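Position one of the sequence shown corresponds to residue 92 (the working numbering), numbered consecutively onward. For every residue, glycine included, the Cβ atom is placed at its ideal position computed from N, Cα and C. None of these values were measured; they are calculated from a predicted model. Only one structure is covered here, and it is reproduced in the block below.
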Amino acid sequence: MHFKRTILATVTLCMLISFTFLGSIFIPTSNRIAHAATISAPTIALSSKTAHIGQTLTLTGQGLAPQTDYQLALMLNGQGLRMLGGYFLTDGNGNLSKTFTFMEDNSSLIQGTYMVNLYPTDIYYNTPFIAQTSIQVVPAITPITGNPGLPITMRGTGFNAFETVQIFFGDSITGTSEGTTTSNEDGGVSFSFSMPAHLIPGSYPVTIVRSNKKPATVKGQIRVYPLTLSAPGGSKPHQIITVRGTGFAPNEYVNLTWNANGGQQLYNDAADSKGAFRFDVQLSPASSGTYTLQATGTLSNLSVTTSINVGPGISLYHPHYYDGDTNPGGTIEVDGGGFNANEQVDLYFQNVKNGVTTVTTDSTGSIAANITVPFQYSPTTKYYIYAKNKAATISVRSPFTFRPQGVGIDDGNGRITIGGFGANEQVQIVNHYQQPDQSNIATITADAEGNGIMLITWPSTPLGKTIPMAAIGQTTNLIATSTYSVEPTILAENATPENVIGKAGDVVRFAGQNFGANETINITFNDKVVATTTSQSDGSYEAAVTIPAIESVSTGPGNALVKAVGVTSGLIAGNSWNTTTFYYQPTLTITPTTGPSGTTITVTGTHFLAGVQIPVGWDGPFTADPDLWYYPQGTYVVVNTDQNGSFTATILANDLVSGQTYHVTATLSWPPIQPTTTFIAQ
């Protein structure tokens, strides 16, 4: 039994390709002689075996030419190739490591496994790629910004072609069904609906439900930003000020006006893809006083106001939180205007005991400086940030609030996210918070902005559904609470769920959690019981399974869906999208196994997956089919398996060398399995 991926053989290309074109490249073909593939020293690997469109990946490589540029291409299964990541430069030892965005133009691909090839910067006729790996494209929902009560168009990539899916705002159980749509020929999904009104700022889940596909559900997030407008608290006529806004419709134009001089338009320009903008605006002449600055979206009609003072004043800004707050021990930007040119101004939080930052105004009397706020605070106290000039003729202030604490968990992978804690503070993660079995399970070190992310292996909870947890700051004593949901699980030890490969008689250890305490659990292959075990008191279990004969669990195809079934609770692990599959080693046979030149070899494959393409390879001399250039080098013919995972093919073995051994291969791209058998020439 093995758990490793097989690297497929070399593919040759058929013309000089210019890699400055980032779209699909279509390559003419011609006849050529295919010979046995050789394994070269250079290797490449991607940081993930699966990827969705727009995901960040890292390519590593070894055994390449030192200080040399290469390019990476995704093979589009007979429809050309797509360049990835620009140039990849090796170091002095012939190694490379570069992070890039997978399909950064966000064009869709059909779900499936694709070959990824490394090439030199120029490729000539019959120049093979240098190294090869594979990537499985999975469906995903593109992150998007929405506005309460307004239409939104969500997009997905990596689905099957012409697949009908259902859209939910929320999850598929408690959410609102928005309707159905069908993906296009490239697996892209586009669907428009109106966002619910009265949503508060935050992230909201959206779910695409598929029929008889894996994964069965695809989850994404719609981000709602607060509708904000900020400007320096003070200014002078003709001064250029920076005005920032958030929460508008993506890419819409925003009108900026104020009520000075009977009302004037100051600026008009487009927001970005998140509905945010930053405008540098020159104020018209106006008498001293406080005026209302208003931003209005031309498409959404969303409108928000703030005050601006012609005269001294300050305002607060944070580049990430939009509403001028920050975390304990964090920094906040103080923007001000209306002071005298080139004078010194003292900035401080609440009182001078918290420290004073002295800045010098520019030639327009403006200031922009960061100050640090204290670690400790009282939630019931009103706080201000002050600005006073050294001459003691100007004193202004702006109210300040601390950013609230939060904690959240991605139920799909156990990743926990915290926010609003002290700068660089140790934060204790508490499971089963305020329950008799409360326990500390991890410590996260927050960054300078009080945020942190950690992937946690959560302990098993007997029959657990919704579990309380907390994040507690060890210096500030601030507490954020939340809940998370658990489902019963099953995984093969030392293997990824989608790549457990072996044969009858192998022993594979499966493990999982969240069943009933001391419960009998059946392990099933294709719903046939193959082993029984008993869970521990915490609902976790282990089972050493002797892999049964394939005939006892399958009608022919070599894949068996593995589940764990609680006999008492009725809980089932393996029904969700995160399934575990055991793949039997397929069988490849030929008849005859020896013969002279001109022999017709019959190739038979059994226990492959049902309904998949299998490239059959032959390393004897033959004229290759030019239409098969994108399959592994040496592909003689491509066949489809039947409903039982079987196929037959024939090879005409010409021009053989007597006594030489030749090889027949059958390549299953996912999971990557390549059985081989031999033919001896007489």
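Sequence-distant partners of Q734 (beyond 5 residues in either direction) whose C-beta falls short of 6 angstroms from its own C-beta, in its chain, are A701. D262 and P296 have their C-alpha atoms roughly 7 angstroms apart. With 16 or more neighbouring CB atoms inside 10 Å of its own CB, V755 falls in the buried class. For F260, the enclosing beta strand (DSSP E) starts and ends at 255-260.
Going by DSSP, D160 is part of the beta strand (DSSP E) stretching over 160-166.
Residue F673 holds the alpha-carbon nearest to the alpha-carbon of D597 among P763, T574, F673, V425. Minimum Cα-Cα distance from T767 among the listed residues I135, A164, G696, A744 corresponds to G696.
If you compare the alpha carbons of Q565, I291, D453 with that of R314, the shortest gap goes to I291. The secondary-structure analysis by DSSP pairs F191 across a beta bridge with L148. Straight-line measurement puts the Cα of L187 at about 17 angstroms from the Cα of S225. Excluding its 5 nearest sequence neighbours in each direction, Y474 has C-beta neighbours in its own chain below 6 angstroms: Q441, F491, listed in chain order. DSSP, reduced to helix, strand and coil, places E642 within a helical segment of the structure shown. N352 sits in a helix when the DSSP states are folded into three classes. Looking at the backbone, the Cα of T267 and that of G402 are separated by about 51 angstroms. Within 10 angstroms of the beta-carbon of N568 lie fewer than 16 other beta-carbons, which makes it exposed.
The Cβ atoms of N480 and E424 do not sit closer than 7 angstroms to each other.
Rounded to the nearest angstrom, the gap between the Cα atoms of S139 and L172 is 20 angstroms.
For K654, the secondary structure class from DSSP, reduced to helix, strand or coil, is strand.
In the three-state reduction of the DSSP assignment, N359 falls in the strand class, which pools E and B. Contact between the segment 390-398 and the segment 337-344 is present: three or more C-beta pairs spanning the two stretches fall below 8 angstroms. The Cβ-Cβ distance between G607 and T659 falls below 7 angstroms. The DSSP assignment places complete beta strand (DSSP E) segments of no fewer than 3 residues inside the segment 550-624 at 557-564, 570-576, 591-593, 598-603, 611-616, in order along the chain.
In the DSSP assignment, K444 falls outside any beta strand (DSSP E) and carries neither an H nor an E. Between G420 and A322, the beta carbon gap of about 27 angstroms keeps them out of contact (Cβ cut-off 8 angstroms).
The shortest C-alpha to C-alpha distance from T752 to any of T741, W709, N445 is the one to W709.
When secondary structure is reduced to three states using DSSP, L384 falls in the strand class.
In the three-state reduction of the DSSP assignment, P465 falls in the coil class. With a cutoff of 7 angstroms on beta-carbon distance, G428 and S364 are scored as not near each other.
No Cβ-Cβ contact shorter than 7 angstroms links I547 with A561.
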